[in-house]
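Each residue of the sequence shown is one higher than the one before, starting from 1 at the first, in full-length UniProt numbering. Yeah, the Cβ is synthetic: ideal placement off N, Cα and C, and Gly gets one too. On a predicted model such as this, the values are computed, not experimentally measured, just so you know. Worksheet: the structure to be examined is printed underneath.
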Amino acid sequence: MKHWLKPFWFLYLICIFLPFGLAATLLTAVVTFTACSLGDDKVWGYYPGKWWARFMCLLTFSPVECKGLENIDKTQSYIFAANHGSIYDVFVIYGYIGVPFKWIMRQELRKIPFIGAACAAAGHIFIKRENRRQSFRSLQTAENKLAEGVSVVIFPEGTRTRTGETGKFKRGAFHIAADLDLPIVPVSISGAFRIMPRNKIYPVPGHLKLTVHKPVPFKPENHDEEMEQIEAIRQAVISAV
């Protein structure tokens, strides 16, 4: 952003982005929690969040270019594996992936007022990484949802990158794909780190791109083959970041 534009952008953030963004987030959380508590979380756990995510991108003048959506069969369950550099990754996937899904997210997010309760009601899956037993139960929950025909989104790095580089992928969630014989869809998100990296508290406008790669089977015969397949998925993600 040009230096002379920064004062105007900060004014916009304070007067427009913050109040409208917070109002949209609160409204989405209330609608999601109420509707999911009374009805179908496959519908109400996805569509309010989809339009909230698109609105958040619109608020920061950040258009999203989508590529490869034709690779998704809407009748098939998948594990979507994406790179994670920014909160805007959430907006891009929620707003533009085009199929209902459940997130696998950190247990700490459940403590966020309104948002945590809405995510729980929507059926998203919380995982406590420090607790192996609880993590195992959470992954079993994810398996049950996938068996019911719902897709799952994971950030295999486990947390947002600090440098913009895609980190090492953790193995845990990939075991679900092997157990249920489900394909993994590598997903690349570019532009999000430049809009709002981990160490920034405010976004700047930018161009976002979502690339959905072709589904790949995950059927390793041994540990070495498992690590090779995970790295191949990571390289597919990196190829369009």
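- Under the three-pair Cβ rule at 8 Å, the region 187 to 194 counts as touching the region 205 to 220.
- Residue burial annotation: Ser239 is exposed, with fewer than 16 other C-beta atoms found within 10 angstroms of its C-beta.
- The way I'd put it, the region 54 to 63 doesn't touch the region 170 to 183; fewer than three beta-carbon pairs between them come closer than 8 Å.
- Within the region 177 to 241, the runs of alpha helix (DSSP H) that reach at least 4 residues and sit entirely inside it are, in chain order, 192 to 195 and 223 to 238.
- No residue range can be given for Met1, since it is assigned to no alpha helix (DSSP H) and is classified by DSSP as neither H nor E.
- If you check the CB distance, Phe17 and Leu69 do not come in under 8 Å.
- Only exposed fits Lys2, as fewer than 16 other CB atoms lie within 10 angstroms of its CB.
- For Arg106, the pairing in a beta bridge is given by DSSP as Ile127.
- Using a 10 angstroms sphere on the CB of Gln235, the tally of other CB atoms stays under 16, which defines it as exposed.
- DSSP places Val43 in the helix class (H, G or I) of the three-state scheme.
- Ser151 is bridged by DSSP to Phe101.
- When the five nearest sequence neighbours on each side are left out, the beta carbons in the same chain lying within less than 8 Å of the beta carbon of Cys57 are those of Pro63, Val64, Tyr88, Phe91, Val92, Gly95 and Leu208, in order along the chain.
- Using a Cβ distance threshold of 8 Å, Ser37 and Ala121 count as a contacting pair.
- Judged by their CB atoms, Ser86 and Val150 are not nearer to each other than the 8 Å cut-off.
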